[in-house]
Structure formats: structure tokens, C-alpha cells
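Asks: Got a structure for you, written out below as C-alpha cells; questions coming shortly.
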Amino acid sequence: MNSVKMIVNAAVLGLASFTANAYAGYNFNFDNAASGTSANNAAVNPYSNVQFLSGFVTADLDSNGFEILDPNGQTVPGYTHWEAYSDSDIRVRNPEEYGHGAAPSVSNALDAMFDQVLISFNTAQNLSSFSVQLDNSNFGGFNSSILFLDAAGKTISTLSFDQFANPGAIITGGAVSGVYGIVLGAGKLYDNLNITTVSAVPEPESYAMMLAGLGMMGFVASRRRR
Amino acid sequence: MKSPRFALNCVRAVVAATLGMVAGVSVAAPTVTRLTPPSERFATGVNDPTAPMIARFLPGQRFDLQATIRPDAGATITGFQFAVDGVTVPVTASTSGIVTTGLNAGLPANTAVVSKRAYSNNVPGIHTLTVKATQSDGQTVIATGSFEVVGITNQGRPAKNIIILLGDGMGAAHRTAARIMAKGYAQGKAKGHLAMDTFPYTGMVMTSSLDTIVTDSAPGMANYVNGNKQASGQEGVWPDDTADAFDNPRMEYLSEYLHRTQGKSLGIVTTADVFDATPAANAVHTSNRGNGTGIADQYLDDRKLTGLTVLMGGGRKWFLPNASNSVSPQPANGSQRRAANDYVLSSDIVSGWGAAVGAKDPERDLISDFSAAGYTYVSDKSALQSAGVPDKLLGLFAYSNMNVAFDKINGRRGVSTVVNDYGFPDQPMLEEMADKAIKVLAKNPAGFVLTIEGASIDKQAHLMDSDRWIEEVIEFDRAVQVAKNFATANPDTLVIVTADHETGGASILGASKVTNAELQGKANTVASMRNEVVGTYQDAKFPKYTIAADGYPATTDIDNKMLIGYGANADRYEAWIANAQPTQDSQQPFVGAAPLNAYPANPSVRNASTGYLVTGQVSGDQAVHTATDIPLSAFGRGAALFTGVMDNTDVFFKFGQAAIGGVK
């Protein structure tokens, strides 16, 4: 399956982002385009620093390039990371058309009914707050979670919630640093996505460390391709 | 000098006296004789972490808590309390109950069955379940069991649609026989593959049920779609100690869970009577798979729980009114509805589950009620084809089990009158029903769960009618192709092909060493019909069937035909030639009248004048199910989950992962 590794995204796109816009936050209501429009359409997503993708979790590789699996051939918790599908097709839709109740605001929401949404940032984001509103159905399963990912696609923070008991709830989170991606679990639509960030101006020595780090990530990516 | 034997007996006497004293103390408290959900912890009294976890659930999946408590003589049970991990489960009067009447025979007076309906737990992990009961003199008892909530993790794209193709009784040999007949072999290689052969992932399934290594179809199907072991003849429930077959402790089906949490629809398509165990074990909760009237009623009554949108198969006899509440004499309309096998639910089930209360109403016109509820009703293939794509669909194409492919195809070819004898000359093939079902279900943007059953693979293997069950597998495989085509066009669909168990111990012995003409002329002796006919190893060569444009063999009576044996057989006369008529089906309401009463009664008399007697290893008239593992093949979103050797209940949790957490 073709996929874009988060780590490659972070390294390659991260370089370009040094000259990209720095946003203090990201706010989406998904209502500025017709139902069915791509979530990456500029009318929906005006931020050049953000992409809505589809993602999946997969095993890490060991030093020999083999997947780290348990004796049953399953991925091992802690030895996994998220990657993005190359054929992502995330759209905004009217939840009411799919039996998920009226949109929490206006008419549209972000469609994650049958595809988990991976919000990918070109650069590391230091979140001071996060909130997103669930659709007004009680679908969406139990123990759903929102994951915050680092540059390697590994989970660094989790928000858990139960939509069945709380349709239309606003899920909020606090400060998380170094976020390169956010995974919104499937089975529902999301609305009113608000991410507030704290801009961190790198110290001169940090630039050197980041460049060294990017070089290391490139090395890792290269080894994986062998 | 006393003998060592005497000394030993003295020790035994002391031990017995001591135990008697202990027992004397123990009778001053009630006892818990059943704690549901079942667990090894309760059954053995030992908290062994290596013991298998019998009851497992998806997060939030609903199930009943129940205990049977026997008070001391003269006492009554005055209170009970369930707790999970030490935390009391809140009990409300409307969703719990104490039942002390209508219990199974042999239980002591005042025995109580206490329940908490529709409990659920969202926290993954192993949980401790305790029940504490108090009797009228204040004495209490505490019993402990366990259950597990299986965690679902976000992994990728979920499966929107799940299609379960269940070839009832279809073991590996059944699949192989259909491939040999339908595709042929050349120099040891198959000249083609069945549709199910082309699925990229295959595993093996252990099929045992709660109470036996050899399952029947009720738990065999239900174990796949609610994740829990059920007992023989039971579907969607665990055993209890009451006589009512519709009040047993329930567990939520995949259809109910995904309809409640994701809005998915349910479709059930079968070649059997729709009350039969496999179809019913997707939607109906009863401890008696034979309760046809109540089963048929519950399909409609609880459609809001299951999301039932498509129901197709045979079984019209349960849907037609029977004002007399009698089947002797048989009503002219073929109805076999009876109050005795209908249902009325207790108030705690109604309140806890949101289920319909039901009614014992043999006079009910269930087809009319389905129509009033918005279902388009079709009664034959022509009506099915002209129905378009309605929002909801009910198709009942025979009084009971539909005719098998062998007879339907020969009817379409105009070379057999069997379907006319049954009174249903225009029955659809399974792939035609499957195609329509998928079109209807695909209208739901939230997705669907669809079970498609090739039922008579099992039924004809029971009857050891080899030509008929092989063609049943061919028909089933054509439905597999329909599902595969849909999943190819809709890649958010998961398709699995499997069976509930193997039937007959079927084995491909080899092939006939003689031409069909020679076989027809053989004497019915072992020397003639076995020793001169059965070719094994290189004598079998490669049977060559000619496949007609309709996809089925022009005839199964070819020269050097494939020969089937049975390892779990009853007595039968084997003539190797295809039977012109099927063996009688006791489920047909008019089986006792002409012309069906002239059909062969059973394999122990069928071909008695033309075949040789093969002595059975089991009693009765039919071959039986076996405990062998059966193959499972998977295609589409999440198919990679279905590899290795798995328990049948594991399949449910793989569905859950695919439909909720998604797969990479």
C-alpha cells in the first residue's frame, strides 16, 4: 500500500516550512464550501501549514528493517507509529444527510465516518488548547480517542471520550508540545475544530539541533527504504 | 491386629464426618448454582489467569447479568446485588427481576433466578463479576466470575460494510469437491478457482459451542456475530434455569451493536427457512431454535434494535395466519404458526433492551405486518426482479426451506418437476437474492451487515446426497462472486466466507472407474458397486464435468464421476447415481401429502433396491456435524485480520476492530 510516512512528511515538509507562514492557531467550521468538498479546499482550509489526510497505525522497523511484531504477528504497543495514506480523500459533509443529526454549526462538518482523519502539520506545533465538537448522533463507538502525534508519528498525548453518552459534546484538550499530527477517530463527523498554538522562537543553537535532527530523520527514512 | 484397609477406612470416616460438619454449616446459607455470563472462574472456583476467558465483549456491547440462587429449605431469596470490580451495578426495578416460578423441573423450592438486563462496560480488560444474595433469615452468599472487554484501537480506515457468507456445513472437502466439479483439474492443477479461492487471506476456525465440541448451527452462527459461546440450539442467549425459551440472558448481536452505535442496516439472506438456526442467529434471542413463530415475529418486532432491512429465504409457513392454532389438520394456506412456539417477553427485558413485548398470536398475518412496516414483499424470482431497489425488502420463496440448486436449475432447464411438486416453480438462486440484497442495503450511507447463507450444503450433506450438496456449494460460490464484485467496487467493505461447522465428515474418496452406463447397470452388491467402481489414487484420475451456460454441470452423472464418502454417516444405500428426487424435508408443511410423500423418506431406505448398504457409524437417519476446524477466507477492508487458527468468537472481535477502529 502506498503511504506517506509521517516522519518523511515532517522532515521534507518541515524544511520548506522554515519560510512558511507561522500561525497562532487554526480554526475550522467546515461551512465555507458545499457538502462533499475536499477538506483541503482553500475555502475550507486556508492554512498552508495544515493538511487533512487519512492515516493508519503500523509497526516500527527494527535495526534490520523488519517490522516489530509480537509472536502473534500483531503490532506491539509502543512500537507503532502513524502514517498517512497517499490516496487520502477527506471531505466536508452535512451530517444530517448521513443520519448523524444536524451539524453542530451551520450545515457541514468534517467527515470521518469511514476514514480516520489525520491532521498533518508541516512544522511542530506547541498547542496551548484544543477543542473539537462531535456530531449530534450517538454513533461513533465507545472509548473513542483523539491522538496527538510527534514527528515520528508516535502518540504523545490522548484525549478519550464516549460519544454514545455525549452526542454533540465539545472535546477539549490542554497544552501539548511538539505536535506534528492529530488523529480524529473514525465513525463520526467533527465540527468547530479550534487549535491554539504558542509560537516558540527557536534559539540560535536550536536551529542547529533541528537541522541535525532533520538529517537524522532523513537517515532513518533512507534505511527504511532499503 | 487391624489391617491397613481398616485403618484407611477409619481415616475416610473421620474425613467424611468432618466434611459433613462443614456441610452442616454450609447449608445455613444460600448457594449460587449459575452465574452469567459464564466463566471458568465461577465454574471451577479458581481464579486461574491461564484459563480461557469465556465471556468477552466489545466496549459498550450490552449483555445481561444473571444468577441462579438456591436458598436453604424454608427460606426465600430477599435481595441480590451484582458488582463489577467491586462496584455495585445499579439496579432499577424496571430492568431487573427475580423469577421464582416457571423454573426448570428439579430445582428446589424457592430457587430464584435474578437478573440485571442490558448491562454494558466500556473499559477494556478483565473484570470481576460478583453476585451477593440474601435469604429471608439474613444469611448471604457471594459468588465470583469474570468477563473481558476487548479493546478496540484506532488503526486506520474502518470497514463500512460487512458481508458474511456462511456455507452451512461447508468444510474443506465441500469446497474442494465444488472446485473439482465446477472448474476441473488438468495434470494435477486446478483449471480455475472458486470465487472463495481467490480471497487473499485464509485462516482456520475452531467451531465448538458452549456445551460441546460438535456445534449445531445456532451457536455455530451466533458465536461469530456476538463474540460469545452459546449452547446447543441456542442463539443470542446463554442457558438459564427457566422454562421460557425467550427470557434467557441475552448478549447483543453485531447487527444490534452496529445499528445502535453506527446506524448500520442488517440483511439476512438464506436458502433455508428464515426461522432456521443460522439466519435467526443474527437477530433473534431464544434458547430454542425450533420456536419458529416467535422467531419470525421477533425479526419484525425488534427491527428497531437490529436494523433489519432485508430478509429473504423460505419460511412462508411462519408468516401466514393460522386462526385455528392447529396444524392437524394442516391449514390449507400452509401456516404452521402456533401459540406454543410464540413469545411474550418479561417486563425487565422489554425495559432493559427496548425490545417489543411480543404476543402469542398464531392468527397474525405477518406478511401484512411487514408490508405495513414499509417492507416490499416478493414471493418469487419474477417479483424479486421487478421490485426495483426498495427501501426494505421481505422475500419468502417457499413454505419452508427452498429447493436446492440441483432441483431449481433442473427446473429452469425443464428436465425436472421437483420445484413444481413443492408448489414454488419460480424460486431465485442465491446469487440473485444476494445481488438484490446488496443493492437495497447499499442505500444506507451508514453501511450494513449482511449474512448470506448457503443453507442446504449442510442439509444435503446430512442426507448424504452428494450431487446436491456439491451443487449447493457451486450456487453459494456464485453468491460469493456477487459479494466480491461489490467489495471490489466498494473497497470499504469486508467480506468473509466461512462455515459454522463441517457436516458429514465428507471426504472425496476418488472417482468411479466405470462409465455412467456401466454404473447404471451394476448389481447392488458390495462386490459390484463398491469393489468394481470406487477408484482411489491414480485410478481416480481427474473427473471431467461439462459446465452449462447457467454455470452448473450439464449432468453430474458423467463417466468416471467424483465419489464422496462420509466419516460421520448414518446407514445409507449408496448407488453413486444422482437421485432424481430429493429426500423428504420434514419442515415442509405438506410433506405428508402427494406428491412429496412419495419422495425418498430418508437415506436408510433411499436407493434400497439399487444401492449397497453402507453401515453408519452414528444412529439415526442422517449424517451428523463434526468438530473439525473449518476454513475462513477474507477479502476487502480488514481481510488481513483473518489469518491463523482462530476461535469462532474471535471473528466477532475482528469485525469490531474492522468496523470501529479500522485497519491499516
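These protein sequence lines map, in sequence, to chains H and Y. Note that my numbering has the first sequence beginning at 1, numbered continuously upward. Note that my numbering has the second sequence beginning at 1001, numbered continuously upward. Glycine is no exception: its CB is placed at the ideal position from the N, C-alpha and C atoms. All values derive from a computational prediction rather than experimental measurement.
Look at the alpha carbon of Y/Asp1197 and the alpha carbon of Y/Ser1633, and state the distance between them as a whole number of angstroms.
Replies: Straight-line Cα distance between these residues: approximately 8 Å.
Asks: Using a Cβ-Cβ cut-off of less than 7 Å, list which residues of the segment 1431-1451 of chain Y approach chain H; keep chain order.
Replies: Taking 7 Å as the Cβ-Cβ cut-off against chain H, the residues of the segment 1431-1451 of chain Y that qualify are Pro1445, Ala1446.
Asks: Using CA atoms only, rank isn't needed, just tell me which of H/Ser128, H/Asp162, H/Ser177 is closest to H/Gly25.
Replies: The option with the nearest alpha carbon to H/Gly25 is H/Ser128.
Asks: Alpha carbon to alpha carbon, how far is Y/Gly1644 from Y/Ala1373?
Replies: One C-alpha to the other measures close to 43 Å.
Asks: Report the residue from Y/Thr1101, Y/Gly1454, Y/His1127, Y/Val1614 whose alpha carbon sits nearest the alpha carbon of Y/Ala1083.
Replies: Ranking the options by Cα distance to Y/Ala1083, first place goes to Y/His1127.
Asks: Determine the chain Y residues that contact H/Phe164 at a beta-carbon separation under 9 Å, and present them in chain order.
Replies: Gly1060, Asn1122, Arg1260, Thr1261, listed in chain order.
Asks: Mind the definition here: the segment 61-73 of chain H touches the segment 149-165 of chain H only if three or more C-beta pairs lie below 8 Å; say whether that holds.
Replies: In short, these stretches do not touch, since the Cβ pair count stays below three.
Asks: What are the residues in the segment 1477-1505 of chain Y lying within 7 Å of chain H by C-beta distance?
Replies: Result list: Asp1492.
Asks: Run the CB neighbour count on Y/Ser1528, radius 10 Å, all protein chains shown included, and call it buried at 16 or more, exposed below.
Replies: By the neighbour-count rule (16 or more Cβ atoms within 10 Å), Y/Ser1528 is not buried but exposed.
Asks: Measure the C-alpha to C-alpha separation of Y/Phe1653 and Y/Ala1640 and round it to an integer number of angstroms.
Replies: C-alpha separation (whole angstroms): 14 Å.
Asks: Determine the direct distance from the alpha carbon of Y/Thr1503 to that of Y/Phe1655, and round the result to whole angstroms.
Replies: Cα-Cα distance, rounded: 25 Å.
Asks: Among residues of its own chain, excluding the 5 on either side of Y/Ala1479, which ones have a beta-carbon nearer than 6 Å to its beta-carbon?
Replies: Answer for Y/Ala1479: Leu1430, Glu1431, Ala1434, Ile1452, listed in chain order.
Asks: When Cβ atoms are compared, which residues of the segment 1219-1231 of chain Y fall closer than 8 Å to chain H?
Replies: Answer set for the segment 1219-1231 of chain Y: empty.
Asks: Apart from the five residues on each side of it in sequence, which residues of its chain come closer than 7 Å, Cβ to Cβ, to Y/Val1015?
Replies: Because Y/Val1015 carries a pLDDT of 38, less than 50, the predicted location of this residue cannot be relied on, and the following value inherits that uncertainty. So no residue of the chain qualifies.
Asks: For H/Ala186, which residues in chain Y fall below 9 Å Cβ to Cβ?
Replies: By Cβ distance, chain Y contributes Asn1154, Gly1156, Arg1157, Pro1158, Ile1660, Gly1661, Gly1662.
Asks: With 9 Å as the C-beta to C-beta threshold (strictly closer), list the residues of the segment 95-111 of chain H near chain Y in chain order.
Replies: Cβ contacts with chain Y come from Glu97, Tyr98, Gly99, His100.
Asks: Contact check, Y/Ala1143 vs Y/Thr1130 under 8 Å by CB: the rounded distance?
Replies: Between Y/Thr1130 and Y/Ala1143 the Cβ distance is about 7 Å, and since that is below 8 Å, they are a contact.
Asks: Excluding five sequence neighbours on each side, which residues of the same chain lie with their C-beta closer than 7 Å to the C-beta of H/Ile195?
Replies: Correct list, in chain order: Gly25, Tyr26, Leu127, Phe130.
Asks: Quick one: list the residues of chain Y neighbouring H/Ser54, beta-carbon separation under 9 Å, in chain order.
Replies: Under the 9 Å cutoff, chain Y gives Gly1156, Arg1157.
Asks: Assuming Y/His1174 is part of the alpha helix (DSSP H), what are its boundary residues?
Replies: From DSSP, the alpha helix (DSSP H) with Y/His1174 extends over 1172-1182.
Asks: Tell me whether the beta-carbon of Y/Ala1177 lies closer than 8 Å to the beta-carbon of Y/Ile1470.
Replies: Yes, the pair counts as a contact, with Cβ atoms nearer than the cut-off.
Asks: Could you list the residues in the segment 26-45 of chain H with a C-beta less than 9 Å from some C-beta on chain Y, going in chain order?
Replies: Within the segment 26-45 of chain H, no residue has a Cβ that lies closer than 9 Å to any Cβ of chain Y.
Asks: Helix, strand or coil: how does DSSP classify Y/Phe1042 here?
Replies: DSSP places Y/Phe1042 in helix when its eight states are reduced to three.
Asks: Count the other CB atoms within 10 Å of the CB of H/Pro202; is the residue buried (16 or more) or exposed (fewer)?
Replies: A caution first: H/Pro202 carries a pLDDT of 49, below 50, which makes its placement in the model unreliable, though a value can still be read off. H/Pro202 comes out exposed.
Asks: If you follow the beta strand (DSSP E) that Y/Ser1368 is in, where does it begin and where does it stop?
Replies: Run containing Y/Ser1368: none in the beta strand (DSSP E); it sits in the alpha helix (DSSP H), 1366-1372.
Asks: Contact criterion: CB-CB distance below 8 Å. Does H/Ser88 meet it with respect to chain Y?
Replies: Judged by the 8 Å Cβ criterion, H/Ser88 is not in contact with chain Y.
Asks: Is there at least one Cβ from chain Y nearer than 8 Å to H/Leu193's Cβ?
Replies: False, the Cβ-Cβ gap to chain Y never drops below 8 Å.
Asks: So, under 8 Å CB-CB, Y/Asp1621 and Y/Ala1658 are touching, yes? Tell me the CB distance rounded to an integer number of Å.
Replies: Incorrect: roughly 42 Å between the Cβ atoms, too far for contact.
Asks: Mark Y/Pro1200 as exposed unless 16 or more other C-beta atoms lie within 10 angstroms of its C-beta, in which case mark it buried.
Replies: Under this definition Y/Pro1200 is an exposed residue.
Asks: Where in the segment 136-195 of chain H do unbroken runs of the beta strand (DSSP E), each at least 3 residues long, occur, reported from the N-terminal end onward?
Replies: Those beta strand (DSSP E) runs which fall completely within the segment 136-195 of chain H and span 3+ residues are 144-149, 155-161, 170-173, 176-184.
Asks: Tell me which residue opens and which closes the alpha helix (DSSP H) that Y/Met1221 is part of.
Replies: Per DSSP, Y/Met1221 belongs to the alpha helix (DSSP H) from 1217-1226.
Asks: Please report how far the alpha carbon of Y/Asn1648 lies from the alpha carbon of Y/Lys1229, in whole angstroms.
Replies: Cα to Cα, the separation comes out at about 9 Å.
Asks: Alpha carbon to alpha carbon, how far is Y/Gln1298 from Y/Phe1406?
Replies: If I take the Cα positions, the gap works out to 32 Å.
Asks: Report the neighbours of H/Leu61 on chain Y: residues whose CB is nearer than 7 Å to its CB, in chain order.
Replies: Within chain Y, no residue comes near H/Leu61; the closest Cβ sits about 14 Å away, beyond 7 Å.
Asks: Could you have a look at Y/Arg1260 and say whether DSSP puts it in helix, strand or coil?
Replies: Y/Arg1260 falls in the helix class under three-state DSSP.
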